[in-house]
Structure formats: structure tokens, C-alpha cells
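In UniProt numbering, the protein residues as written are 1 to 287.
Before any comments, here is the structure.
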Amino acid sequence: MPSQQGSPTVRRLRLGQELRLLRERNKLTGAKAAKELGWSPSKVSRIEAARTMPSADDIKALVKLYGVDGGKLDELIGLLRDAEQRGWWEDYQEVLPQEYTRFLGLEAEAIYQRSWEPQIVPGLLQTEDYAREVIVATRGIARITHSGVRSRVEARLDRQRRVLHRTEPCRLTVVLDESVLMRRFGDYSVMREQMEHLLELSMLPHVKLHVLTLDSVHPVNTGTFIHLQFAAFDDVVYLEQLYTADFVEDLQRVAGYESAFEHIRSEALDEDESRVLIQHKAMVWRR
Numbered sequence: 001m002p003s004q005q006g007s008p009t010v011r012r013l014r015l016g017q018e019l020r021l022l023r024e025r026n027k028l029t030g031a032k033a034a035k036e037l038g039w040s041p042s043k044v045s046r047i048e049a050a051r052t053m054p055s056a057d058d059i060k061a062l063v064k065l066y067g068v069d070g071g072k073l074d075e076l077i078g079l080l081r082d083a084e085q086r087g088w089w090e091d092y093q094e095v096l097p098q099e100y101t102r103f104l105g106l107e108a109e110a111i112y113q114r115s116w117e118p119q120i121v122p123g124l125l126q127t128e129d130y131a132r133e134v135i136v137a138t139r140g141i142a143r144i145t146h147s148g149v150r151s152r153v154e155a156r157l158d159r160q161r162r163v164l165h166r167t168e169p170c171r172l173t174v175v176l177d178e179s180v181l182m183r184r185f186g187d188y189s190v191m192r193e194q195m196e197h198l199l200e201l202s203m204l205p206h207v208k209l210h211v212l213t214l215d216s217v218h219p220v221n222t223g224t225f226i227h228l229q230f231a232a233f234d235d236v237v238y239l240e241q242l243y244t245a246d247f248v249e250d251l252q253r254v255a256g257y258e259s260a261f262e263h264i265r266s267e268a269l270d271e272d273e274s275r276v277l278i279q280h281k282a283m284v285w286r287r
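Structural data, given as C-alpha cells:
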């Protein structure tokens with residue numbers, strides 16, 4: 001079972017956030033800080049946005065400019081050291097979109113995840129065969145090679161082990177549209193196995209699974225989204241499209257997605273009713 005470790009992606013973001021807060025407390029603009037250090041304004045901006053990794057000397061220069069004590073310097077250097085570590089998802093970065101690898105880095109340290117899925121079973125809950133069929137279905141559009149399909153399936157299974165089955169697993173609440181249980185990927189045996197897998201996962205203490213039935217009132221017209229909550233970092237919402245993905249980090253908009261999710265969940269079946277419906281679908285896929 002994978003051990004739970006801090007995510008270097010989150011450490012990079014926290015490091016940039018801490019440096020930005022220190023600058024703002026000193027009432028300095030990014031351009032003013034850059035001028036004092038003889039840097040370009042873009043360097044300060046990129047460091048604070050976690051687009052560029054600062055060196056230890058960069059951090060020391062910033063700390064000196066901001067008049068911070070040695071304890072804070074040690075904390076920032078510790079974040080830098082952790083940020084330089086390699087995340088498991090980087091083994092797959094050649095076959096996965098850049099935005100998705102960033103999402104995996106964030107997810108690795110999330111303590112709670114809310115997921116609304118109106119189209120397919122979410123990747124965290126997919127069986128190996130279902131995952132393969134989903135990826136193959138988009139291969140022509142996304143131009144994924146045969147080896148790329150294999151690597152993406154491996155990455156998906158690796159993700160499941162590290163998120164759902166780590167020592168302190170992320171709490172997960174998922175709402176599926178009923179159509180997800182009816183849309184076929186692969187043959188009937190693939191779908192039956194997937195339904196049975198959903199039932200098994202729904203019994204895990206940290207997983208809550210709900211189904212929004214087709215005759216339910218749909219209170220929010222939105223596509224797939226995942227809301228990640230952290231212990232020591234602002235919440236983030238992940239939106240995935242066909243060719244790209246977006247991250248919502250504005251706190252007001254994130255709160256809007258949280259409210260949207262709770263509206264959808266309130267209209268969905270409860271956990272026990274959802275299991276009954278999934279069991280029924282599993283029987284349908286036996287024919």
C-alpha cells in the first residue's frame with residue numbers, strides 16, 4: 001500500500017504563495033521587489049505563481065529584502081526541498097496532458113474530494129477494462145497510440161492505489177448521473193464488472209456514492225467538475241475539457257462550485273438507494 005507523502009506540486013504552490021504574502025505584507029509590488037534585487041519583474045511573478053522554481057539563493061535574497069527572521073527562512077527552504085522531490089505522476093508525464101499531471105499533484109495531498117460526473121464513471125472508480133475502453137473510445141480524437149493507451153491505464157490504476165488506498169485516504173463524495181450507469185463501454189461483461197466494482201467501492205468508509213436519477217430535478221446545468229479540499233491550502237476546482245483543462249482558484253467561484261455540488265447531491269439518491277439502483281443496473285448488464 002502506498003505511503004502518504006506530501007505532494008511536491010502543493011509544496012511549489014505553497015512556496016510561491018508564502019513569498020507573495022511576504023511581499024504584500026511589506027507593501028511592495030512585484031516590480032518594486034524585482035528592481036531592488038536586480039531581477040526582471042517576470043521572475044518574481046513566475047516564482048510566486050509556481051511557474052519557476054526559485055533557487056535557495058533566490059529565497060535568501062527575497063527573505064533579506066522582506067526582513068524576515070531565520071525561522072521563516074528555514075521553513076521556506078524546507079518547502080523548496082520538498083518541492084524539488086519527484087511525484088509518482090511524473091513517471092507518466094510523457095503520455096498525460098500537462099494540466100492533468102498538475103491535477104494529480106494537487107490530488108495527492110487533498111483530504112476531501114467532491115466529484116460530479118454526468119458522462120462516465122470517474123477515473124478513481126473505474127475498473128481496468130472499463131478504463132481501457134474509455135481511453136480507446138477517445139484515441140482517434142486525442143491521437144493516443146497503443147502504448148499510450150496502456151500507459152494511461154497504468155497511470156489510472158496507480159492513481160487509484162495512491163488516492164483511495166493510501167494510509168490516510170482522501171475522503172471522496174461522488175455523484176453520478178444515472179445515464180453513466182447505462183452508457184456502454186466495451187461489452188456487457190465490462191459494464192457488469194464496473195457496476196459490481198462501484199458497489200464494492202461504495203462500501204469503503206471514506207467513499208460516499210450517490211446517483212442522480214434521470215427523473216430527478218437537475219438544479220445545476222454544468223459539466224464534470226472535481227472540487228479538491230486541502231488541510232493547509234486553498235481549495236481548487238478542476239474542470240476538464242476535450243483538449244485542455246482549467247483550474248478554478250478564485251475563492252468566490254470555488255465556493256460557487258461547492259454550492260452547486262451540494263445542490264446536485266441533495267437531489268440525488270442517498271447512499272443505500274444508490275446501491276440498490278447500481279445493483280439493478282448490474283443485473284441488466286448480465287443479459
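Yeah, the Cβ is synthetic: ideal placement off N, Cα and C, and Gly gets one too.
- By the Cβ neighbour-count rule, Tyr188 is exposed, with fewer than 16 other Cβ atoms within 10 Å of its own.
- Ser115: member of the beta strand (DSSP E) spanning Tyr112 to Glu117, first to last residue.
- Exposure of Met182 is indicated by the presence of fewer than 16 other C-beta atoms within 10 angstroms of its C-beta.
- With a 10 Å radius around the Cβ and a threshold of 16 neighbouring Cβ atoms, Pro205 comes out exposed.
- Within its own chain, the residues whose Cβ lies closer than 6 Å to the Cβ of Pro118, once the five positions on either side in sequence are excluded, are Asp177, listed in chain order.
- For the pair Val207 and Phe225, the CB atoms are not nearer than the 7 Å cut-off.
- Just measuring C-alpha positions, the residue of Ser55, Trp39, Glu48 and Gln194 sitting nearest Val284 is Gln194.
- Between the segment 34-51 and the segment 104-121, the count of C-beta pairs closer than 8 Å stays below three; the two stretches do not touch.
- Residue burial annotation: Tyr130 is buried, with at least 16 other C-beta atoms found within 10 angstroms of its C-beta.
- Taking the CA atoms as reference points, Arg265 sits about 45 Å from Ala31.
- At the C-beta level, Val95 and Ser151 come within 7 Å of one another.
- Under DSSP, His227 forms a beta bridge with Arg114 and Val237.
- Residue environment analysis places Tyr243 among the exposed positions, since fewer than 16 neighbouring C-beta atoms fall within 10 angstroms of its C-beta.
- Between the segment 246-260 and the segment 138-154 there are fewer than three inter-stretch CB-CB distances shorter than 8 Å, so the stretches are not counted as touching.
- Between Glu273 and the set Gly223, Thr222, Val211 and Glu262, the nearest pair of CA atoms involves Val211.
- Using a Cβ-Cβ distance cut-off of 8 Å, the segment 83-100 and the segment 154-162 are in contact, since at least three pairs of beta carbons, one from each stretch, lie closer than that value.
- By the C-beta density criterion, Lys281 is buried, having at least 16 other C-beta atoms within 10 angstroms.
- DSSP places Asp158 in the helix class (H, G or I) of the three-state scheme.
- For Val180, the closest C-alpha among the options Glu168, Cys170, Leu209 and Glu154 is that of Leu209.
- Here Phe185 is not near Val153, since their CB atoms are 7 Å or more apart.
- Between the alpha carbons of Cys170 and Leu164 lies a gap of roughly 6 Å.
- Here Thr244 carries a coil assignment [DSSP, helix/strand/coil].
- For Glu109, the closest C-alpha among the options Ala83, Gly123 and Val121 is that of Ala83.
- With respect to Val220, Ala260 sits close: the two C-beta atoms are nearer than 7 Å.
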